[in-house]
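Colleague: If you're matching positions, the sequence shown starts at 18 in this note's numbering and goes up one per residue.
By construction, the Cβ of each residue, glycine as well, lies at the ideal position given by its N, Cα and C atoms.
Predicted, not measured: the structure shown is a model, and the values here were computed from it.
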Amino acid sequence: MQTEVLGERYKLQDPIGRGGMATIYRGQDLRMDRVVAIKVLREVYSTDPKFVTRFQREAKAASALQHPNIVQVYDY
Numbered sequence: 018m019q020t021e022v023l024g025e026r027y028k029l030q031d032p033i034g035r036g037g038m039a040t041i042y043r044g045q046d047l048r049m050d051r052v053v054a055i056k057v058l059r060e061v062y063s064t065d066p067k068f069v070t071r072f073q074r075e076a077k078a079a080s081a082l083q084h085p086n087i088v089q090v091y092d093y
């Protein structure tokens, strides 16, 4: 299996969850040398501007939240 690196920064590892629009992967932030969760929009939706905009809006909203029980968003 070939290792995929996104944006020359995030190395995808094992899938850890799936939803209707995206798959969540365990990954490695190569710049910060830390384990991260990476949410990747499914290919069928990644070419539809409506879904891409929704995905970006969700990431931006989640990045504004700070709570011990909510995953912190580092990048989108």
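1. If I'm right that Lys28 touches Leu47 with Cβ under 8 Å, what's the distance once you round it to whole angstroms?
2. Classify Tyr91 as helix, strand or coil using the three-state DSSP reduction.
3. For Val22 and Pro32, what's the separation of their Cα atoms in angstroms?
4. For Lys56, count the other beta carbons within 10 Å of its own beta carbon; 16 or more makes it buried, fewer makes it exposed. Which is it?
5. Name, in chain order, the residues that DSSP records as bridge partners for Gly44.
6. At the level of alpha carbons, what is the spacing between Gln45 and Leu58?
7. With a 10 Å radius around its C-beta and 16 neighbouring C-beta atoms as the bar for buried, classify Tyr91 as buried or exposed.
Modeller: With the given structure in hand:
1. If you number the sequence shown from 1, residue 28 lands on position 11. If you number the sequence shown from 1, residue 47 lands on position 30. Yes, Lys28 and Leu47 are in contact; Cβ-Cβ is about 6 Å, under 8 Å.
2. Residue 91 sits at position 74 when you count from the first residue of the sequence shown. Correct three-state label for Tyr91: coil.
3. Counted from its first residue, the sequence shown places residue 22 at position 5. Counted from its first residue, the sequence shown places residue 32 at position 15. Looking at the two C-alpha atoms, the distance is approximately 14 Å.
4. In the sequence shown, counting from the first residue as 1, residue 56 sits at position 39. By the 10 Å Cβ count, Lys56 comes out buried.
5. Taking the sequence shown and counting its residues from 1, the one referred to as residue 44 is at position 27. Paired residues: Leu29 and Val53.
6. For the purposes of this step, residue 45 is taken as residue 28 along the sequence shown, with counting starting at 1. For the purposes of this step, residue 58 is taken as residue 41 along the sequence shown, with counting starting at 1. Distance between the alpha carbons of Gln45 and Leu58: 18 Å.
7. Here residue 91 is taken as the residue at index 74 of the sequence shown, counted from 1. Under this definition Tyr91 is an exposed residue.
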